[in-house]
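Each residue of the sequence shown is one higher than the last, beginning at 1 in full-length UniProt numbering. Glycine included, each C-beta is placed from N, C-alpha and C at the ideal position. In this text the structure is predicted, and so the values were computed from the model without any measurement. Notes for the one structure printed next.
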Amino acid sequence: MGAKTTSAAETGGERNAVYSYMDAARFVLAAVVAFAHAWHLTIADYHGDAPLWAKIGYFVAGFSHAAVILFFVLSGYWIARSVEQRLERGWSWKEYLSGRLTRIWIVLIPALLIGGSLDLIGTFWLQTPTHLGLTNTYVLRTDVAANLAWPVWIGNLFFLQDTLVHPLGTNGPLWSLAWEWWFYLWYPALILLWRTRRPAPVLIAMAIFFWYPSVLLGFVCWLLGTLVRVVERKGIAQAVLCRRVTLGATGVLGLAILAWERTAPLPGWEFPVALSFAAFLAALLAMRPAFPQALTGLAHYGSRASFSLYVTHFPVLAMIAGIEVGAVREEPSMTSLLFVCLGFLAALFFAYGFSMLTEANTGRVRKWLAGRRRPAP
């Protein structure tokens, strides 16, 4: 889950309620990922005689990967808007990359330092069963100690995790940030190739598809978000006569596909999940329903802190689980559920506070950098 490009609450000076829905969705998707990891770090693997509430927990905790795929669609939409606006002003790779790197690094660098420090403490000082891999949870089947070597730190700083290096320490979710970084480069490069017939060198990196076909599938899902922007800009969805019916139909279809993915997944299930979500977003943008005030808090968090939640939650949860859980994860019980909820809430509050020190200052950092680049009079 990458960083959003612009404010989702504003477009051309006019408030668009649909963007608040998107912000709320960003929170929900990041929260699903965090909850899933809190659950699997604490609770033992599923077995048939679990109580009903635990079966619901296992079911919800299985949507973490689907949540990332849906976020790819949102990310593609916002990057398409950003690229479109920059093309209208006159394209500059320097400005585009500076804007992207500032938005990401202001969060990623301190997240790597804090998360890596927590992992160092958990692995070498406290030596918790979680950090040593003794709990055998599928969300942390990696050599945490080896993944704290200095080349891994550098590789994660430059978005090479999941290709040349592993994600740093316990922070496996960083794989999607690396993928999105490549998507941020490939999309404008393809647009410029189509417009100018001049290929950008970055397109050579698309050869990665031959070694990692899953990246191609992820990119296709991400591109569906850019297609949503095309549909919105050209008013295609506005031509649909029964927009309310379309919105409901795409919503029901999306939920049905998500349920199918959890019960009988097939290879490539990510594409129909992303496609149904993209269709739902297109219908939502055409209909533009009012945003419920009851969801304002979710949209606020999603707009300000969902990126921080995604990149910080796992090391925080791993440390909490490392302290709470022994070598054998807990069976479902009210006590273990309390552990999950406390860890989940701790990750939410930590990420929000973290975002106030990082994401909230993106504008200031950009102005400072712009001032440094401006020639002296």
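So, helix, strand or coil for G12, using DSSP? Any reading at G12 needs caution, since the residue's pLDDT is 42, under 50, leaving its predicted position unreliable; the model's value is listed next. Of the three classes helix, strand and coil, the one that applies to G12 here is coil, per DSSP.
Buried or exposed by the 16-neighbour rule on C-beta atoms within 10 Å, applied to G13: Reliability fails at G13, whose pLDDT of 44 lies under 50, so the model's placement of it is uncertain and the value that follows must be treated cautiously. Result: exposed.
Y138 burial status per 10 Å Cβ neighbour count (16 or more: buried): Exposed, because fewer than 16 other Cβ atoms sit within 10 Å of the Cβ of Y138.
How about G218 and F72: are their beta carbons less than 8 Å apart? Cβ atoms of G218 and F72: closer than 8 Å.
Have a look at L112, G235, A80 and flag the residue whose alpha-carbon is nearest the alpha-carbon of L157. Of L112, G235, A80, the smallest CA-CA separation from L157 is found for L112.
Would you mind reading off the limits of the alpha helix (DSSP H) that contains W53? W53 -> alpha helix (DSSP H) spans 52-61.
Distance, K367 Cα to L258 Cα: In a straight line, the C-alpha of L258 is about 42 Å away from that of K367.
So which of Y77, G297, S20 has the shortest CA-CA distance to A274? Of Y77, G297, S20, the residue nearest in Cα terms is Y77.
Close Cβ partners of L174 (< 7 Å) along its chain, the five nearest in sequence each way excluded: Closer than 7 Å at the Cβ level, and outside the excluded window around L174, lie N156, Q161, P167, L168, V311.
Do T163 and A145 have their CB atoms nearer than 8 Å? In this structure, T163 keeps its C-beta atom at 8 Å or more from the C-beta atom of A145.
Does the separation of the CB atoms of T250 and F271 fall below 8 Å? Contact flag unset, no.
Considering just the uninterrupted stretch of the alpha helix (DSSP H) at N361, what are its terminal residues? In the DSSP annotation of this structure, N361 is not part of any alpha helix (DSSP H), being labelled neither H nor E.
I'd like the span of the alpha helix (DSSP H) that includes G322, first residue to last. Judged by DSSP secondary structure, G322 falls within the alpha helix (DSSP H) whose first and last residues are 296-324.
Use the C-beta contact count for P188: other C-beta atoms within 10 angstroms, 16 or more gives buried, fewer gives exposed. Buried is the call here.
One question on the structure: do R26 and G302 come within less than 8 Å of each other, judged by their Cβ atoms? When the beta-carbon positions are compared, R26 and G302 come within less than 8 Å of each other.
Would you report the Cα separation of T226 and A80, rounded to the nearest angstrom? Going by the C-alpha atoms only, they are around 5 Å apart.
Between R229, G322, A264, which lies nearest to Y19 when the distance is taken from Cα to Cα? By alpha-carbon distance to Y19, the top candidate from R229, G322, A264 is R229.
Taking buried to mean at least 16 other C-beta atoms within 10 Å of its own C-beta, is N147 buried or exposed? N147 sits buried, since 16 or more C-beta atoms from the chains shown fall within 10 Å of its C-beta.
Check each candidate in L29, A61, A24, D49 and name the one with the smallest Cα separation from T38. Thr is not the amino acid found at residue 38; the sequence shown has Ala there. Nearest of L29, A61, A24, D49 to A38, Cα basis: A61.
Can you tell which of A351, N361, V328, F349 has its C-alpha closest to the C-alpha of A44? Between A44 and the set A351, N361, V328, F349, the nearest pair of CA atoms involves V328.
For the candidate residues D49, L126, V202, L134, whose alpha-carbon lies nearest to that of L97? Cα-wise, what sits closest to L97 is V202.
Suppose you measure from the CA of S214 to the CA of V365; what does that come to, to the nearest Å? Going by the C-alpha atoms only, they are around 35 Å apart.
Is it the case that the Cβ atoms of F35 and F349 are separated by a distance below 8 Å? 8 Å or more divides the Cβ of F35 from the Cβ of F349.
Looking at C-beta atoms only, is the number of pairs between the stretch 49-65 and the stretch 279-299 that lie closer than 8 Å three or more? By the Cβ criterion, the stretch 49-65 is not in contact with the stretch 279-299, since fewer than three pairs of Cβ atoms, one from each stretch, lie closer than 8 Å.
Coil, strand or helix - Q127 by DSSP: In this structure, Q127 counts as coil in the three-state DSSP scheme.
Tell me, to the nearest whole angstrom, how far the beta carbon of M319 is from that of L118; I am working on the premise that it is less than 8 Å. Between L118 and M319 the Cβ distance is about 5 Å, and since that is below 8 Å, they are a contact.
Alpha carbon to alpha carbon, how far is N16 from L295? So the two alpha carbons sit approximately 15 Å from each other.
Out of G326, T362, A347, S333, point me to the one whose CA is closest to N136's CA. In terms of Cα proximity to N136, the closest of G326, T362, A347, S333 is G326.
Just the Cα atoms here: how many angstroms apart are W150 and L177? Going from the Cα of W150 to the Cα of L177 covers about 19 Å.
C-alpha distance - A9 paired with D23, whole-angstrom precision: Only weak support is given to the placement of A9: the predicted model assigns it a pLDDT of 42, under 50, and the question is left unresolved by the model.
Selected residue, minimal CA-CA separation from G248, among A283, R103, D143, T263: In this structure, A283 is the residue among A283, R103, D143, T263 with its C-alpha nearest to the C-alpha of G248.
Going by DSSP in three states, A330 sits in which element: helix, strand or coil? Per the sequence presented here, residue 330 reads as Glu, with Ala not at that position. Strand at E330.
When T170, C341, I154 are compared against D143, the one with the closest alpha-carbon: Nearest option by C-alpha distance: T170.
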